[in-house]
Amino acid sequence: MKPTPSTRLACAVLSFARATGFVSGPTAASVSARAPWAGARAHGGASSSSLSSSSSHHDRRHVRAGAGDSEARGKALRMVAAPEMSRTNAPGTAEMDWENLGFEYRDVNSHVKFTFKNGAWDEGEMVKDPYVNVHIANTALHYGQSVFEGLKAFHGKDGSVKLFRPDENAKRIRASAERILMEPPPADLFIKACKMAVKANMEYVPPYGSEGALYLRPLLFGTGARIGLQPSDEYTLLVMAIPVGNYYKGGFKPTTAVVIEDYDRAAPKGVGAVKVAGNYAADMMPNMLAKQAGYPIGLYLDAKTNTLVEEFSTSNFFAVTEDNKFVTPDSPAVLPSITNKSLMQLAEDEGMVVEHRPVPFDEVSSFKEVAACGTAVVMTTIKQIVKGGEIISINGGSDETGPVCQALYDRVRGVQAGELEDKFGWMMPV
Numbered sequence: 000m001k002p003t004p005s006t007r008l009a010c011a012v013l014s015f016a017r018a019t020g021f022v023s024g025p026t027a028a029s030v031s032a033r034a035p036w037a038g039a040r041a042h043g044g045a046s047s048s049s050l051s052s053s054s055s056h057h058d059r060r061h062v063r064a065g066a067g068d069s070e071a072r073g074k075a076l077r078m079v080a081a082p083e084m085s086r087t088n089a090p091g092t093a094e095m096d097w098e099n100l101g102f103e104y105r106d107v108n109s110h111v112k113f114t115f116k117n118g119a120w121d122e123g124e125m126v127k128d129p130y131v132n133v134h135i136a137n138t139a140l141h142y143g144q145s146v147f148e149g150l151k152a153f154h155g156k157d158g159s160v161k162l163f164r165p166d167e168n169a170k171r172i173r174a175s176a177e178r179i180l181m182e183p184p185p186a187d188l189f190i191k192a193c194k195m196a197v198k199a200n201m202e203y204v205p206p207y208g209s210e211g212a213l214y215l216r217p218l219l220f221g222t223g224a225r226i227g228l229q230p231s232d233e234y235t236l237l238v239m240a241i242p243v244g245n246y247y248k249g250g251f252k253p254t255t256a257v258v259i260e261d262y263d264r265a266a267p268k269g270v271g272a273v274k275v276a277g278n279y280a281a282d283m284m285p286n287m288l289a290k291q292a293g294y295p296i297g298l299y300l301d302a303k304t305n306t307l308v309e310e311f312s313t314s315n316f317f318a319v320t321e322d323n324k325f326v327t328p329d330s331p332a333v334l335p336s337i338t339n340k341s342l343m344q345l346a347e348d349e350g351m352v353v354e355h356r357p358v359p360f361d362e363v364s365s366f367k368e369v370a371a372c373g374t375a376v377v378m379t380t381i382k383q384i385v386k387g388g389e390i391i392s393i394n395g396g397s398d399e400t401g402p403v404c405q406a407l408y409d410r411v412r413g414v415q416a417g418e419l420e421d422k423f424g425w426m427m428p429v
């Protein structure tokens with residue numbers, strides 16, 4: 000029998016699907032369900048129905064829909080439209096001004112949701128609706144059982160998309176959760192959730208060369224009802240994905256910091272060393288006052304003596320001495336920054352001596368370079384620090400970044416962008 004045009008088309012689709020790995024079975028129904036364009040939206044994103052699937056493994060299922068069962072076929076299409084990278088959701092294909100992203104919330108396709116209930120974590124799901132329905136007596140709202148993380152996914156020079164050190168974020172969210180008696184997500188579940196969030200929003204990963212990244216915000220909070228101070232018996236882990244650029248408008252350009260003197264960031268034996276949501280609420284007032292006074296970033300001293308440097312409002316402090324030592328504060332009230340940990344490792348690799356120790360504020364004037372570092376900011380160099388009526392100039396108050404900070408910044412960004420060797424195995428493919 001001579002093949003008809005439609006038969007030839009079906010065969011071509013089958014060959015393409017097999018070649019690209021979308022199907023390994025022989026049926027036309029499974030081809031139609033697995034085709035990369037199945038369920039795609041007009042602008043190139045994943046379909047809304049694909050984002051409501053509750054399994055991260057549904058992309059490997061074989062679905063055989065009967066010719067006369069349109070409802071089953073539609074359901075099959077929804078199940079197999081997995082958030083995998085394909086022609087329809089390649090990095091950087093969303094319609095955005097990639098060069099001017101800033102650091103703000105933007106709607107994307109969906110977020111990840113995992114629930115801990117009855118002593119176990121569920122399988123997780125993708126949720127399109129950006130709202131959460133919670134009990135009015137949940138422990139997050141009443142007693143502050145809420146911790147979060149921040150990490151980034153990067154589109155590399157070779158076209159791949161990778162996460163920067165998610166294993167370290169998994170360790171830190173566990174420490175935060177355990178400090179306030181929350182159920183920490185297992186490391187493999189946490190990393191799985193982060194990868195799901197990236198895959199579902201792949202077109203929102205800023206393209207290589209744009210200097211942007213897909214910022215992930217894992218949020219763990221108590222959702223069980225409690226009236227009375229006690230931990231919840233139910234928890235929700237969400238992972239949001241947002242394309243971002245520079246945290247500060249000045250980007251990497253040196254800026255001026257002000258010492259926060261009328262407020263403390265954290266108590267000496269409190270929760271300053273963990274990423275509890277309440278820590279950031281305490282910083283809102285002083286942060287606003289600093290910005291109103293013209294300072295984009297605030298620096299905190301220790302709450303006990305007000306003589307030791309601790310950290311900036313949302314990032315760690317590090318400095319370079321005249322003899323090229325890397326110095327960063329050691330304090331039980333400072334959040335251990337993954338970016339700072341990475342910079343310390345790179346500094347040692349470059350032959351620098353790293354000193355993780357108490358840093359008296361009186362020593363700041365002797366530093367030749369100072370910077371703030373963290374996931375959101377990566378690195379922001381400081382040209383001046385204002386304390387009361389005193390102005391301390393760093394690097395002569397120059398508007399140019401110092402050579403050591405520049406070299407460390409270039410190296411960490413080079414690893415993230417896939418331009419330099421990932422010597423320490425920091426980048427994890429999604």
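Each residue of the sequence shown is one higher than the one before, starting from 0 at the first, in numbering that gives the first Met the number 0. Ideal placement from N, C-alpha and C gives every residue a C-beta, glycine not left out.
Residue i - DSSP class collapsed to helix/strand/coil
i: K170; result: helix
i: V133; result: coil
i: V385; result: strand
i: I241; result: strand
i: Y203; result: helix
i: T235; result: strand
i: M343; result: helix
i: L188; result: helix
i: R178; result: helix
i: N88; result: helix
i: S392; result: strand
i: V160; result: strand
i: K252; result: coil
i: A196; result: helix
i: A139; result: helix
i: P331; result: coil
i: P428; result: strand
i: T338; result: helix
i: S145; result: strand
i: E98; result: helix
Distance, residue j Cα to residue i Cα
i: G401; j: Y234; result: 45 Å
i: V333; j: M351; result: 23 Å
i: L298; j: G277; result: 18 Å
i: G271; j: P331; result: 7 Å
i: E177; j: E399; result: 42 Å
i: P206; j: N88; result: 12 Å
i: L407; j: L345; result: 7 Å
i: D261; j: L307; result: 15 Å
i: P359; j: P328; result: 9 Å
i: M239; j: D322; result: 42 Å
i: M201; j: G387; result: 47 Å
i: N339; j: E167; result: 12 Å
i: A256; j: D232; result: 42 Å
i: M378; j: G227; result: 42 Å
i: F220; j: L236; result: 7 Å
i: R173; j: A119; result: 16 Å
i: M427; j: G155; result: 12 Å
i: W97; j: F423; result: 29 Å
i: P82; j: Y203; result: A caution first: P82 carries a pLDDT of 46, below 50, which makes its placement in the model too unreliable to give a value.
i: D409; j: D128; result: 38 Å
i: G395; j: I384; result: 12 Å
i: F311; j: E94; result: 34 Å
i: P295; j: S175; result: 27 Å
i: G91; j: G223; result: 39 Å
i: F251; j: C404; result: 10 Å
i: D348; j: F163; result: 19 Å
i: A371; j: E309; result: 11 Å
Continuous alpha helix (DSSP H) stretch holding residue i: start and end
i: P402; result: 402–415
i: P359; result: Premise fails: P359 is in no alpha helix (DSSP H) and is neither H nor E.
i: M437; result: With the chain covering 0 to 429 only, the question about residue 437 has no answer from this structure.
Boundaries of the beta strand (DSSP E) in which residue i is found, first to last residue
i: A152; result: 150–154
i: L298; result: 296–300
i: G221; result: 212–221
i: E310; result: 308–311
i: V319; result: 315–319
i: M125; result: 124–126
i: K422; result: Unbroken run through K422: none, as it is neither H nor E.
i: V111; result: 110–116
i: Y373; result: One detail in the question is off: residue 373 reads as Gly in this sequence, not Tyr. Here the beta strand (DSSP E) through G373 covers 368–373.
ask   = Are three or more beta carbon pairs between the region 379–391 and the region 347–366 nearer than 8 Å?
value = In this structure the region 379–391 lies against the region 347–366, because at least three pairs of beta carbons, one per stretch, are closer than 8 Å.
Contact the region 154–169 vs the region 404–417: 3+ CB pairs below 8 Å = The region 154–169 is in contact with the region 404–417.
- Task: Decide if the region 275–294 is in contact with the region 183–195; the criterion is three or more beta carbon pairs, one per stretch, under 8 Å apart.
- Result: The region 275–294 vs the region 183–195: no contact.
Q. Between the region 134–148 and the region 296–314, do three or more beta carbon pairs fall short of 8 Å?
A. The answer is no - the region 296–314 does not touch the region 134–148, with fewer than three Cβ pairs under 8 Å.
(Q) Does the region 105–118 come into contact with the region 136–152, if we say contact requires no fewer than three beta-carbon pairs (one atom in each stretch) closer than 8 Å? (A) Short answer: they don't touch.
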